[in-house]
Each structure stands twice: as structure tokens, then as C-alpha cells.
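Trainee: The structure that follows is given in the form of C-alpha cells.
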Amino acid sequence: MRVLFFTLLLVLTHLPLMAEEVPSGPSSREEVPLSPISDRHTMVALVLGQSNAANHGESRWVSTQRVYNFYQGKLYHAEDPLLGATGDRGSVWTRLGDLLVTDGDYDAVIFVAIAVGSSAVSQWAPGGDLSSHLQATLNDTQKAGLPITHIFWHQGEADAHVTSKTVYMQQFRDMVRAIRENGITAPIMVSIATVCGGNMTVDTTIQQAQKELVDPQNGIFAGPNTDDLGEAFRFDRCHFSTKGLDEAARLWHHALRKASLSEGHEAQAHPAIMP
């Protein structure tokens, strides 16, 4: 009986959205009114992907600027771990938000974080087990009258050395189509991300897929190449150390400016649905 119990426990701990992986509830967080924030020059960023887009970094950060976390219809001052994403440690986004506000890119930044550790691109595409989670989040933002202005995609490690370029690109495009069909025209930024664990070997196949997905005419832009952040930036050869979180935030900031999706230069709507 004891063996059966521990076997079941082991299986449950590897499910993608287990309660213990999700940050503590909002009861201890500082809730703020939504309408005054959304009336400002505000970035509203939906964050998708896996652990390095979630709360699995080495150290937590509490935003010191007007940076917020939207979760289940309510808005909270942003602090790690961000509500809605897996993990109970630190994230890139609290740090990025502070950079964007401090440098004058935006008056306020709101993160809608739903990244899930170890998730593959297929799980986010229609029919995948995270597709309904994505849809529910889009519904929540629309009900709250919160227009998404940016989408950040940081994923690829789970597909590295496993998924073909063709399959990766098609599943990503299927996900994008589902997002666009909800009336979301926000630009999507795709990071280069394939390194995690082992010898930290990059997967050039997935890297190439991520590069070829970039298509500004259809609202897809290049995010940072986080594979460039080697072992010195990762505390366990996979997840970002404190130094890595700071550097990744800087790289995202630079990518936004390079794509003219920041500094007050709002991206044009891109309603086209990708084939």
C-alpha cells in the first residue's frame, strides 16, 4: 500500500499544472484598482512558454515601479512569484517591467503570466492540454476590458532535440491562429530558447524554426536569443540565476526597442491570421 501511495505521489508531481507548482494565492498580495492603471500609457503583456518564462529563476524580485500582475480578473502589484505561472521563485518579468517604466517606455506595465514549466509547443496549440487555459485567460482579459498589447513567447527547451522544425512551426502557427481568432492583434515576440540541462547543447533545428517564425507583416517579431546566456547565467544549467534574470530582462528590453515595440512606438495592429 505504501509503495502504491508513493508511486501515485510521484506521478502527480509531474503533472503540468499541479497546485504546488502554482504560486501562492492572491490573498497576501496588494490588489489595485484596474481602471486607473489601464487608462495610462500601459503595456499589457501576455506571457506564454515554459519554466524560464515562469517563476523558476534563482531569486525573487518585487517591482518598485508601476508594474502589475493580472490574475483571474483582478490586478495586483507585481512581485515574484507572479500569479498565474508555475514555480515559486523568481521571474524575468518583474525586472523587465521595472526597466520599461524606469526608462520611460511606459507609464505602467501589466503582466498576464500563464507560462508552465516543461510545457511543449504542442500543449499550447489547439487540442493541447494548455489550449483551454490560454483561452480562459484571453476571456478573462476581455471581460476585464484589458486589451493585450504584447505577447511574449519564451519556449523551446522541451522541444529541443525532439521536435522537427516543420512540426514546431506548424504548432506555433496553430496557436497564433487561435489567439488571432479571439480578436487579439497584439504583436508576438518569439525568443530563441533551446538550452536546458545536460551539456547545455543548443538545438539548431528549433533555433531555426524560431527564427523563421519571425514575420513582422503578420505581427511576429524577434525576441532575445537567451541561448546566448550560458552556464554563468544559470544556477542549475537550465534556469536563470539572479545574474541571468537581470540579463534576460535587459535582452527583452533591447529586443522590444529594436523591433520598435517600445519607447512609446506602439506596434500597428496585425489582424492577419497565419496560414
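With mature numbering (1 follows the signal peptide of the UniProt record, and there is no 0) as the guide, the letters of the sequence shown map in order to residues -19 to -1, 1 to 256.
Heads up, the beta-carbon is just placed ideally off N, CA and C, and yes, glycines get one too.
Keep in mind it's a predicted model, so treat the numbers as computed, not measured.
#1: Measuring straight from C-alpha to C-alpha, what distance separates Thr122 and Gln198?
#2: Does the separation of the CB atoms of Tyr149 and Gln191 fall below 9 angstroms?
#3: Could you check the C-alpha separation between Asp217 and Gly178 for me, to the nearest Å?
#4: In the DSSP output, which residue or residues are listed as bridge partners for Thr23?
#5: Under 8 angstroms by Cβ, that's how I've got Gln31 and Ser100 pegged, so tell me the actual separation to the nearest angstrom.
#6: So the alpha helix (DSSP H) Phe153 belongs to, where does it begin and stop?
#7: Verify whether the separation of the beta carbon atoms of Ala96 and Asn50 is less than 9 angstroms.
#8: Measure the beta-carbon distance from Leu15 to Ala125 and round it to whole angstroms, keeping in mind my assumption that it falls under 8 angstroms.
#9: Alpha carbon to alpha carbon, how far is Asp69 from Glu60?
#10: To which residues does DSSP link Arg215 through a beta bridge?
#11: Grab me the residues of Leu194's own chain with a C-beta within less than 7 angstroms of its C-beta, minus the 5 sequence neighbours each way, in chain order.
#12: Roughly how far, in whole angstroms, is the beta-carbon of Asp140 from the beta-carbon of Val102, given that I think they are within contact range, below 8 angstroms?
#13: In the DSSP assignment, the alpha helix (DSSP H) including Asn120 goes from what residue to what residue?
#14: Taking the C-alpha atoms as reference points, what is the distance between Leu27 and Ala34?
#15: Given a threshold of 16 other Cβ atoms within 10 Å of its Cβ, counted over all protein chains shown, does Asn120 qualify as buried or as exposed?
#16: Hey, how far is the Cα of residue 258 from the Cα of Ala174?
#17: In three-state DSSP terms, what is Trp134?
#18: What residues in its chain sit with their C-beta under 7 angstroms from that of Leu(-10), if we drop five residues either side in the sequence?
#19: Give every residue of the same chain whose Cβ lies closer than 8 angstroms to the Cβ of Leu115, excluding the five residues on either side of it in the sequence, and list them in chain order.
#20: Pick from Phe214, Arg215, Ile18, Asp184: whose alpha carbon is nearest that of Tyr87?
Mentor: In this structure, then:
#1: Walking along the sequence shown from the start, residue 122 turns up at place 141. Walking along the sequence shown from the start, residue 198 turns up at place 217. Rounded to the nearest angstrom, the two C-alpha atoms are 25 angstroms apart.
#2: Along the sequence shown, read from residue 1 onward, the residue named residue 149 stands at position 168. Along the sequence shown, read from residue 1 onward, the residue named residue 191 stands at position 210. Yes, they are a contact pair.
#3: Reading the sequence shown from its first residue, position 236 is the one you call residue 217. Reading the sequence shown from its first residue, position 197 is the one you call residue 178. Going by the C-alpha atoms only, they are around 7 angstroms apart.
#4: If you number the sequence shown from 1, residue 23 lands on position 42. Beta-bridge partners of Thr23 (DSSP): Ala89.
#5: What you label residue 31 is simply residue 50 of the sequence shown in a count that begins at 1. What you label residue 100 is simply residue 119 of the sequence shown in a count that begins at 1. Sure, about 5 angstroms apart at Cβ, within 8 angstroms.
#6: Within the sequence shown, residue 153 is the residue found at index 172, counting from 1. Unbroken alpha helix (DSSP H) run through Phe153: 146 to 161.
#7: Taking the sequence shown and counting its residues from 1, one reaches residue 96 at position 115. Taking the sequence shown and counting its residues from 1, one reaches residue 50 at position 69. No, they are not a contact pair.
#8: Reading the sequence shown from its first residue, position 34 is the one you call residue 15. Reading the sequence shown from its first residue, position 144 is the one you call residue 125. Your pair Leu15 and Ala125 checks out as a contact, with CB atoms roughly 6 angstroms apart and the cut at 8 angstroms.
#9: Counted from its first residue, the sequence shown places residue 69 at position 88. Counted from its first residue, the sequence shown places residue 60 at position 79. Cα to Cα, Asp69 sits roughly 11 angstroms from Glu60.
#10: What you label residue 215 is simply residue 234 of the sequence shown in a count that begins at 1. Looking at the DSSP assignment, Arg215 forms a beta bridge with Phe221.
#11: Taking the first residue of the sequence shown as position 1, residue 194 is located at position 213. Around Leu194: Met150, Phe153, Val171, Ile201.
#12: Here residue 140 is taken as the residue at index 159 of the sequence shown, counted from 1. Here residue 102 is taken as the residue at index 121 of the sequence shown, counted from 1. So it is a contact: roughly 6 angstroms between Cβ atoms.
#13: On the sequence shown, residue 120 is found 139 positions in, with the first residue counted as 1. Counting along the chain, the alpha helix (DSSP H) containing Asn120 begins and ends at 112 to 124.
#14: Counting from 1 along the sequence shown, the entry for residue 27 is found at position 46. Counting from 1 along the sequence shown, the entry for residue 34 is found at position 53. Straight-line spacing of the CA atoms in Leu27 and Ala34 works out to 11 angstroms.
#15: Looking up residue 120 in the sequence shown gives position 139. Asn120 counts as exposed, since fewer than 16 other beta carbons sit within 10 angstroms of its beta carbon.
#16: Lying outside -19 to 256, the shown extent of the chain, residue 258 is not represented and no answer is given.
#17: As a first step, residue 134 must be located in the sequence shown, where it is residue number 153. In the structure shown, Trp134 sits in a strand (DSSP, three-state: E or B).
#18: The residue you call residue -10 lines up with position 10 of the sequence shown. Residue confidence for Leu(-10) is low, a pLDDT of 33 falling below 50, so the modelled location carries little weight; the figure read from the coordinates is stated next. If we look at Leu(-10) and ignore the five residues flanking it on each side, it has no Cβ neighbours.
#19: In the sequence shown, residue 115 corresponds to position 134, counting from 1. Within the same chain, Leu115 has close Cβ partners Leu29, Ile95, Trp105, Met156, Ala159, Ile160.
#20: In the sequence shown, counting from the first residue as 1, residue 87 sits at position 106. Cα-wise, what sits closest to Tyr87 is Ile18.
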